[in-house]
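> Residue numbers for the sequence shown follow the numbering used here, beginning at 8 and rising by one. So that we are looking at the same thing, I have put the structure below in structure tokens.
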Amino acid sequence: MTGTSETFDSHLRSWHAWQRSPWGRLRYRTVENTLLRSLPDCPLRILDVGGGDGTDAIALARAGHDVTVLDFSEPLLGAARNAAQLAGVAGRVHTVHADLDDVPGADFDAVLCHNLLQYRTDPVGSVAQLVALTRVGGVLSLIAGNPASDVLAAAVRRLDLSEALELLDAATARTVTFDHDVRRLEASDIATALEANGCHVLHRFGIRCIADFITDDELKADPEFYARLEQLELAVCDREPFVHTARMWQLVAARG
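What follows is the structure in structure tokens.
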């Protein structure tokens, strides 16, 4: 179940294609918005665990924060350094070639772990590790795929009702981009793990609340339609009931 560097390195072409797609762009645009809304304006020391090619990190560096990208994929870290150089924020983006288990402890103002927990052998234990890297009063942002959206996507997008029924109680699902089984993690379970480690959940956001239920993917590439879709996504990412069926959940928590 655990993802390795080979899991990601062998699928870099499909990963970059996903990032350039309308749904990939919506993911990054929405998370940039939710993070800038959730983090203090003052410059922060931020750790981005599993930060890959630094797309989240660069947006934060542009806002004046100092970001360390931790990842076990050297090709992705190389891409992060190049992107930071091109963006003019190389001095505020740093890379560390390591795994979460290799970091004994730290004291960051904010810790991000976006779309990594579902690849971990022990997601609940990983939450404790992430909290230990965050200073008291600091902020954590965790993102993973939303199990409810798996069921809805099977039924609405693929019209496969048998698959939807099987996914209701399935422990894992198969990713398309990385062709890998991942755990299906409920936001409520991760919120419980955060609270057990002395954190208070401040926000639950939904990432791609609308886009994945529009079956015409070609239409999403139309610039005018995409602009309106992005506007809508940003408007509903913190609203009930949309956060509960979004493609991904995001929890923002403070360490007490």
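Note that the Cβ used here is the ideal one computed from N, Cα and C, for glycine as well.
Below 6 Å CB to CB, which residues in the same chain sit around Leu226 once its five sequence neighbours on both sides are set aside?
Result list for Leu226: Phe232, in chain order.
> In this structure, what does DSSP give as the bridge partners for Gln257?
Ile150 and Phe212
> State the CB to CB distance for the pair Ile53 and Ala117, rounded to an integer number of angstroms; the pair is presumed to be in contact (CB under 8 Å).
5 Å
> What whole-angstrom Cβ distance do Arg246 and Gly152 have, given they're in contact under 8 Å?
That belief does not hold up - the Cβ atoms of Arg246 and Gly152 are roughly 20 Å apart, past 8 Å.
> With a 10 Å radius around its C-beta and 16 neighbouring C-beta atoms as the bar for buried, classify Asp55 as buried or exposed.
The Cβ neighbour count for Asp55, taken over all protein chains shown within 10 Å, is at least 16; the residue is labelled buried.
> Under the three-state reduction of DSSP, which class applies to Arg142: helix, strand or coil?
strand
> Taking all protein chains shown into account, decide if Gln238 is buried (16 or more other Cβ within 10 angstroms of its Cβ) or exposed.
exposed
> Quick check: what's the CA-CA separation for Leu42 versus Leu51?
Each residue's alpha carbon lies about 12 Å from the other.
> Report yes if the CB atom of Thr37 is closer than 9 Å to the CB atom of Cys244, and no otherwise.
When the beta-carbon positions are compared, Thr37 and Cys244 come within less than 9 Å of each other.
> Note the first and the last residue of the continuous alpha helix (DSSP H) segment covering Leu54.
No alpha helix (DSSP H) holds Leu54; the beta strand (DSSP E) holding it covers Arg52 to Val56.
> When the Cα of Ala90 is compared with those of Arg69, Val110, Phe79 and Ala105, which residue comes out closest?
Arg69
> Starting from the Cα of Leu46, find the closest Cα among Arg165, His72 and Leu124 and give me that residue.
His72
> Cβ of Pro154 within 9 Å of Cβ of Leu174?
Result yes, Cβ atoms of Pro154 and Leu174 sit closer than 9 Å.
> Going by CA-CA distance only, name the one from Ala177, Leu107, Ala162 and Glu240 that's closest to Ser80.
Leu107
> Measuring CB to CB, does Asp188 end up less than 9 Å from Val131?
no
> What residue range does the beta strand (DSSP E) around Arg181 cover?
Per DSSP, Arg181 belongs to the beta strand (DSSP E) from Thr179 to Arg181.
> Taking the straight line between their C-alpha atoms, what separation do you get for Thr141 and Val134?
11 Å
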